[in-house]
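Note sheet for the following structure.
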Amino acid sequence: MLIFGVTARRQLPFIKHYHQFRYLSSQVKAQTELLFDFKMKLPAPVEKKPKRDAFVKNLFVGIFDHEFLTYPEPQHPERYNEFQKWIEPIQNYIATVNPKEFEDKLNIPPHVIQRFRELDLFGLRIHEDYKGWNLLNAEFMQILEIVGTVPSLGFFFLKHSVPPINIFNNYATVEQKLRYLPKIAKGEAFATVAITENESGPAVNNLNTIAILSKDEGYWILDGEKTFVSNIHQSDIFLVFGHAIQGGTVEKRPETMATFIVDKNTEGVHIIEENIAMAGLKGFSTGRLILKNVKVPKNNMIGNVGDGAKCLVDHFSNSRHYNACLTIPILKNFLNTLTQDIINRKHFDKMLYETEAAQHIFSNITSTIYCIESVLYLTTSTMDIYDDQDLKLETALVEQFCLQECMQRLQECIWLVGPRFCIMTEPYEKMFRDALTIINYDTSLLDTKIYSSLMALQHVGIKFGDDIKKERNILMFPKYMFENIFFKRNSMNFPLNEYLHPSLQECASFCNRSLFKLQEVTKNFLIHEGTNVTQREIQLQRLSDMAALIYTYIAVLGRASRSYCIGNRNSENEIKICIILAYRLQKKVDELADEINDSEFGNGDHLGNQISKVNFDKKNYIVAHPLQRNY
Amino acid sequence: MFSIFMRWYEPILSIEINRKQTSSQNSNRIDKENDKKHEEKTRRESITGKELQISTFHTTEKKDKDTYLECLRIYKSHISIRSDSVIFITIALKYMKEFGVHKDLNVYKMLLDIFPKGTMIPRNMFQSMFMHYPKHQYCAVDILEQMENNGVIPDPEMESMLLNIFGRHGIPTEKYWKMMYWLPKFKNLNPWPVPKPIPDDVLELAKLAMIKISSVDVRSSITVYDTIEIENSIEETWIVSAIAPKQSELLIQHNKKIPIYVEGPFRIYVAIKAVDYFVLKTKPPICRKYPEYEPDAVDKIQNPYLSRKSKDIILPPSVHEQVDATIFAICATGTSSHDSLLSWIRFLQNENPVLAEIPIVFTLKTSSNEKLFIESNKPKLPSDALKNNNDNELLQG
Chain D
11 MLIFGVTARR
21 QLPFIKHYHQ
31 FRYLSSQVKA
41 QTELLFDFKM
51 KLPAPVEKKP
61 KRDAFVKNLF
71 VGIFDHEFLT
81 YPEPQHPERY
91 NEFQKWIEPI
101 QNYIATVNPK
111 EFEDKLNIPP
121 HVIQRFRELD
131 LFGLRIHEDY
141 KGWNLLNAEF
151 MQILEIVGTV
161 PSLGFFFLKH
171 SVPPINIFNN
181 YATVEQKLRY
191 LPKIAKGEAF
201 ATVAITENES
211 GPAVNNLNTI
221 AILSKDEGYW
231 ILDGEKTFVS
241 NIHQSDIFLV
251 FGHAIQGGTV
261 EKRPETMATF
271 IVDKNTEGVH
281 IIEENIAMAG
291 LKGFSTGRLI
301 LKNVKVPKNN
311 MIGNVGDGAK
321 CLVDHFSNSR
331 HYNACLTIPI
341 LKNFLNTLTQ
351 DIINRKHFDK
361 MLYETEAAQH
371 IFSNITSTIY
381 CIESVLYLTT
391 STMDIYDDQD
401 LKLETALVEQ
411 FCLQECMQRL
421 QECIWLVGPR
431 FCIMTEPYEK
441 MFRDALTIIN
451 YDTSLLDTKI
461 YSSLMALQHV
471 GIKFGDDIKK
481 ERNILMFPKY
491 MFENIFFKRN
501 SMNFPLNEYL
511 HPSLQECASF
521 CNRSLFKLQE
531 VTKNFLIHEG
541 TNVTQREIQL
551 QRLSDMAALI
561 YTYIAVLGRA
571 SRSYCIGNRN
581 SENEIKICII
591 LAYRLQKKVD
601 ELADEINDSE
611 FGNGDHLGNQ
621 ISKVNFDKKN
631 YIVAHPLQRN
641 Y
Chain E
469 MFSIFMRWYE
479 PILSIEINRK
489 QTSSQNSNRI
499 DKENDKKHEE
509 KTRRESITGK
519 ELQISTFHTT
529 EKKDKDTYLE
539 CLRIYKSHIS
549 IRSDSVIFIT
559 IALKYMKEFG
569 VHKDLNVYKM
579 LLDIFPKGTM
589 IPRNMFQSMF
599 MHYPKHQYCA
609 VDILEQMENN
619 GVIPDPEMES
629 MLLNIFGRHG
639 IPTEKYWKMM
649 YWLPKFKNLN
659 PWPVPKPIPD
669 DVLELAKLAM
679 IKISSVDVRS
689 SITVYDTIEI
699 ENSIEETWIV
709 SAIAPKQSEL
719 LIQHNKKIPI
729 YVEGPFRIYV
739 AIKAVDYFVL
749 KTKPPICRKY
759 PEYEPDAVDK
769 IQNPYLSRKS
779 KDIILPPSVH
789 EQVDATIFAI
799 CATGTSSHDS
809 LLSWIRFLQN
819 ENPVLAEIPI
829 VFTLKTSSNE
839 KLFIESNKPK
849 LPSDALKNNN
859 DNELLQG
């Protein structure tokens, strides 16, 4: 019956035209409510536009898509208003949750989960066909931000709503979806993914979990051990990644990665009672899962044998920015607590908040939150507006920028807090622990940086491949050389200011210069290193830092301009933030560009490599004590 | 002017005398050339004293630091004979190794202390220009040279001694300064530092040698096995084995039909002492594939984070996969015998069970314990006792 419902629903024409929706939906509801429990409380979103070229990747080759300067509005006003009304009770409820309640617990308290069920928060990213909400990415992000006010709860919510649902949405069959998603949407069952193993690194294929097809070919028999399984104690469904072997040995395996849906109650599934103790995020459970001879029905495999690798790559590349979203409530909480704390503290003959040192820190944290919000909502809204937009690079840059900035700002704030930071009864220490855990839980920041810049360089390589080959062997191409000497076309001008409020004209030119630097540096880097770029990991990090700064700044420009034009409250301060950031961006980008241009022999990277090598040879600190005498 | 000349020649003259064993004729000739009879008399006395000292060095039975210092003390106690200090020191330097004091800074200092203080410091520009007391200076340089050859670094006290004896412009003082620039630098240059003094325990030496060889891979670990732990082991000895995780991986990947070899003994030096070691290795693959390297192909940059392929990736060979052989493990054993190596393989099997399935061939050269020379009937000289190195014995044969 349900399958019928799904197909029927998909053929309904009105979903695409929101202005007709209200009228039509009531009609349809009347007909279908009896049969199917459909809920369509929010007006349907705007139809997605055709996809555009990848934005940031093109910045590296000197193409600027001005569409991205217009800060996007993914919802039409009607949906926006209803959505704002709908999230009000959630906001109210989260305000009443006591974060201290989580501190000494191993799990999220059941009454909180019950309340979440009542608020219907578990199916936000699940399609309406499976009793979910199918919210837009930006909308989900807003709710995540609200729930994230209590960090453990936010992280629990994120780990529940994103990774497993993504896999179900993109790879599962309709039967599998029908079987599991409605339960998950109602909060009757929880799903989680189990990927990490003790010896696995960032390489996708490096897993030791093995599934062997049973003799009657009806079951996969799973063996393995998984660690860092989020929400392990709540979860009833595990999406386990492993190698599906139909024959042959483990060492010489062909493409065998697959994803299996494993029920908690299956024989052989053993969840280690004890949580992995983490520094922060108390109440959020992470644990180990042991699978011994677990029989998984053959139709519980998601996709086919070998699809698992793509699934994993997607998992790591498309949902990177969600963690970054949690840094917003963390920083906001920190800022608010600090403000309350500082306001009554004296500093010599002044109040502490009147000193320039404190003001600097407060302005920094405000502009950082502003940056994070701008870039995060620009990225997610782009996802919502354009169909199947390639945002892999953008999400990675967002993650990297947000996590890095968040850490730096917290560090600055700690200096302002002073010795009180160390006191356990004060909230700062807990906030800091939570932030640390969220920032480092999923991936290493270094990996993110290298990953993103390599992705950009691949794009540049394909685009400029011929030119770079000629430049690297310039004497073999005299014609090209002379053309380059006499008709060098290196001036690049994006008229950014034409798309922005006139007050931002200076900022636009700053941004313009940075863009030019980015393109120039990337090309030089490729000419200098060729395919060796993959080995120059420090330079790659610098390059991705540059790109992240520039992308963030473009988001900030667009947002500030929009705010100022439509007259948001305090929007003149947004312009000020823009001006501050323009200066700092320019400085940082210049510095990074110089470091890359100087190559590893100019900036000392190669010496650093040598030092580190000696360190590993000796496995100890290598330098003699300053008071050491040699004779 | 003449007196300057004479003082310059004085040490040379004294050597002359030494060579000719001081006949009375010679002394008469010197008498004629030199009017200072009294001085001549004391010189003659000193020569007899010198002979006495040399014979002491040669004839004394107990050759250790105390005896050596006693010789120095006796020499010093005769103030009159100190004028031929150059000869005495030259000879004393030669006997240092025999007395086992060639690495002792204090003994060198006592030798240097024999030189008179103050008298040999040039007092004007000309003395300084024409090398004041050259023989003494060269002698002091010899002391420093011998220190340098034996790796003894002088200390600041020696500097003040040299300044008191030869002054700022003396060659030995300059030599000292140069030494003090270079020697402390050389002291710490060895990447595999050896404890000083070098241990006599062969097990310790073997550990140091294994650390030295296995340092090519930072992950390698060194284990000391005792053959008693293995059942039915034929002889009791120790085995120092070194293997890296990468080598274990290579063993697993090794084609089980191709045999692997235990080869050796090879020789490695830890400071000045030799250690024999053995290698577990196999022939290199016949056609080894290397990863393609195209530095210009920028349109084919790989992003490992996005690659989904697990096969068809050729990795560059590790440090253990050399052109002539793939090396799986190395060891040194107490006896370097066939049986101890057998025990070694059995120990390795505990952690690398795959070894049980691979044929292992022992291609040992003659064990280093066997004597490869015909022993002569001549009784060994006492000085030969020092040459405990097999190489020297081979040369003799």
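Chains D and E are the protein sequences, given in the same order. Residues in the first sequence are numbered from 11 upward in steps of one, following our numbering. Residues in the second sequence are numbered from 469 upward in steps of one, following our numbering. Built from N, CA and C at the ideal position, the CB exists for glycine as well. As the structure is a prediction and not an experimental result, all values here were calculated from the model.
Within 8 Å (strictly less), CB to CB, does E/ILE828 reach chain D?
Looking up residue 828 of chain E in the second sequence gives position 360. Not one chain D Cβ lies under 8 Å of E/ILE828.
Go ahead and label D/PHE370 buried or exposed: buried means 16 or more other beta carbons lie within 10 angstroms of its beta carbon, across all protein chains shown.
For the purposes of this step, residue 370 of chain D is taken as the residue at position 360 of the first sequence. Contrary to the premise, residue 370 of chain D reads as His rather than Phe in this sequence. D/HIS370 comes out exposed.
Sheet register partners of D/TYR644 (DSSP bridge):
Shown here, chain D extends from 11 to 641; a query on residue 644 of chain D therefore has no answer.
Tell me the rounded alpha-carbon separation between D/THR266 and D/ASP444.
Residue 266 of chain D sits at position 256 when you count from the first residue of the first sequence. Residue 444 of chain D sits at position 434 when you count from the first residue of the first sequence. About 37 Å.
Extent of the continuous beta strand (DSSP E) to which E/ALA710 belongs
Locating residue 710 of chain E in the second sequence gives position 242, where the first residue counts as 1. Here the beta strand (DSSP E) through E/ALA710 covers 706-711.
Considering Cα atoms alone, identify which of D/VAL203, D/ILE585, D/GLN410 is closest to D/PRO512.
Sequence index remark: in the first sequence, residue 512 of chain D carries index 502 (1-based). When only C-alpha atoms are compared, the closest one is D/ILE585.
How about E/LEU774: is its C-beta nearer than 8 Å to some C-beta of chain D?
Translated into positions along the second sequence, residue 774 of chain E becomes position 306. Cβ-Cβ to chain D under 8 Å: yes for E/LEU774.
For D/ASP476 and D/SER462, I'd like the C-alpha separation in whole angstroms.
Numbered from 1 along the first sequence, position 466 holds the residue referred to as residue 476 of chain D. Numbered from 1 along the first sequence, position 452 holds the residue referred to as residue 462 of chain D. When rounded, the distance between both Cα atoms is 23 Å.
Please state whether DSSP places D/LEU44 in a helix, a strand or coil.
Walking along the first sequence from the start, residue 44 of chain D turns up at place 34. Any reading at D/LEU44 needs caution, since the residue's pLDDT is 42, under 50, leaving its predicted position unreliable; the model's value is listed next. Of the three classes helix, strand and coil, the one that applies to D/LEU44 here is coil, per DSSP.
Going along chain E, which residues have a C-beta under 9 Å from D/ARG482?
Within the first sequence, the letter at position 472 stands for residue 482 of chain D. The contacting residues are PRO763, ASP764, VAL766.
Rounded C-beta distance between D/THR206 and D/ILE242? I'm assuming under 8 Å.
Here residue 206 of chain D refers to the residue found at position 196 of the first sequence. Here residue 242 of chain D refers to the residue found at position 232 of the first sequence. The pair is not a contact, with the Cβ atoms about 12 Å apart (cut-off 8 Å).
How long is the line joining the alpha carbons of E/ALA560 and E/PRO602, rounded to whole angstroms?
Working through the second sequence from its first residue, we reach residue 560 of chain E at position 92. Working through the second sequence from its first residue, we reach residue 602 of chain E at position 134. Going by the C-alpha atoms only, they are around 19 Å apart.
Contact set between D/VAL279 and chain E, taken where Cβ atoms lie within less than 7 Å:
Translated into the one-based positions of the first sequence, residue 279 of chain D becomes position 269. In chain order: nothing, as chain E lies at least about 26 Å away.
What does the Cβ neighbour count give for D/ASP555, buried or exposed, with the cut at 16 atoms within 10 Å?
The count along the first sequence starts at 1 and reaches residue 555 of chain D at position 545. By the neighbour-count rule (16 or more Cβ atoms within 10 Å), D/ASP555 is buried.
Does the beta carbon of D/ASP130 come closer than 8 Å to any beta carbon on chain A?
Given the protein chain composition of this structure (D and E), no chain A is represented.
Taking only runs of the alpha helix (DSSP H) that begin and end inside the stretch 184-231 of chain D, which ones reach a length of at least 4 residues, in chain order?
184-196
Contact criterion: CB-CB distance below 8 Å. Does E/SER688 meet it with respect to chain D?
The sequence position of residue 688 of chain E within the second sequence is 220, counting from 1. Output row for E/SER688: interface = no.
Buried or exposed: D/VAL160, going by 16 or more other Cβ atoms within 10 Å of its Cβ?
Working through the first sequence from its first residue, we reach residue 160 of chain D at position 150. Buried, by the Cβ-count rule.
Comparing alpha-carbon positions, which option in D/ILE340, D/ASP75, D/SER224 lies nearest D/LYS308?
For the purposes of this step, residue 308 of chain D is taken as the residue at position 298 of the first sequence. When only C-alpha atoms are compared, the closest one is D/SER224.
Distance cutoff 8 Å, beta carbons only. Does E/ASP623 sit that close to anything in chain D?
Within the second sequence, numbered from 1, the residue matching residue 623 of chain E stands at position 155. Chain D, which has a Cβ nearer than 8 Å to the Cβ of E/ASP623, makes this yes.
Buried or exposed (CB count within 10 angstroms, at least 16 for buried), E/SER811
In the second sequence, residue 811 of chain E corresponds to position 343, counting from 1. The residue in question, E/SER811, is buried, as its Cβ has 16 or more Cβ neighbours within 10 Å.
Alpha carbon to alpha carbon, what distance is there between D/TYR396 and D/GLU670?
This structure cannot settle anything about residue 670 of chain D, because the visible part of chain D is limited to 11 through 641.
Residues that E/SER701 contacts on chain D, provided the C-beta gap is smaller than 9 Å
Position 233 of the second sequence, counted from the first residue, corresponds to residue 701 of chain E. Chain D residues near E/SER701: none, gap ~33 Å exceeds 9 Å.
Within the same chain, show all residues whose beta-carbon is closer than 7 Å to that of E/HIS637, passing over the 5 residues directly before and after it, in chain order.
For the purposes of this step, residue 637 of chain E is taken as residue 169 along the second sequence, with counting starting at 1. Correct list, in chain order: PRO590, SER596.
Can you confirm whether D/VAL203, when its beta carbon is compared against all beta carbons of chain E, has any partner nearer than 8 Å?
For this step, residue 203 of chain D is matched to residue 193 along the first sequence. No, no contact with chain E.
Neighbourhood of E/ILE711 by C-beta, 6 Å cutoff - its chain only, sequence neighbours within 5 removed
Position 243 of the second sequence, counted from the start, is the residue given in the question as residue 711 of chain E. Excluding residues within five positions, the ones whose Cβ falls inside 6 Å are ALA797.
D/ASN333 vs D/ILE448 beta-carbon contact at 8 Å
Here residue 333 of chain D is taken as the residue at index 323 of the first sequence, counted from 1. Here residue 448 of chain D is taken as the residue at index 438 of the first sequence, counted from 1. Yes, Cβ-Cβ distance for D/ASN333 and D/ILE448 is below 8 Å.
Any idea what DSSP makes of D/LYS356, helix, strand or coil?
As a first step, residue 356 of chain D is located in the first sequence; it is residue number 346 there, counting from the start. If DSSP states are grouped into helix, strand and coil, D/LYS356 belongs with the strands.
Within the chosen definition, does the stretch 337-356 of chain D reach the stretch 372-390 of chain D through at least 3 CB pairs nearer than 8 Å?
yes
Do D/ARG482 and E/ASP767 come within 8 Å of each other at the CB atom, strictly closer than that value?
Residue numbering aside, residue 767 of chain E sits at position 299 when the second sequence is read from its first letter. Residue numbering aside, residue 482 of chain D sits at position 472 when the first sequence is read from its first letter. Contact: no.
Which residues, in order along the stretch 647-676 of chain E, keep a beta-carbon less than 8 Å from a beta-carbon of chain D?
MET648, LEU651, PRO652, LYS655, ASN656, PRO659
Looking at D/GLU149 and D/PHE93, is the spacing between their C-beta atoms short of 8 Å?
Within the first sequence, the letter at position 83 stands for residue 93 of chain D. Within the first sequence, the letter at position 139 stands for residue 149 of chain D. Result yes, Cβ atoms of D/PHE93 and D/GLU149 sit closer than 8 Å.
Looking at the strands, I want to know which residues DSSP matches up with E/LYS768.
As a working note, residue 768 of chain E is residue 300 in the second sequence. Answer is none; E/LYS768 lacks a bridge partner.
Let me check one thing: in DSSP terms, what residues is E/GLU789 bridge-paired to?
Against the second sequence, residue 789 of chain E aligns to sequence position 321. Answer is E/THR794, bridged to E/GLU789.
Where D/LEU52 and D/ARG89 are concerned, what is the direct C-alpha to C-alpha distance, given to the nearest angstrom?
One-based indexing of the first sequence puts residue 52 of chain D at position 42. One-based indexing of the first sequence puts residue 89 of chain D at position 79. Distance between the alpha carbons of D/LEU52 and D/ARG89 is about 6 Å.
Do D/GLY72 and D/MET502 come within 8 Å of each other at the CB atom, strictly closer than that value?
Within the first sequence, numbered from 1, the residue matching residue 502 of chain D stands at position 492. Within the first sequence, numbered from 1, the residue matching residue 72 of chain D stands at position 62. Going by C-beta atoms, D/MET502 is nearer than 8 Å to D/GLY72.
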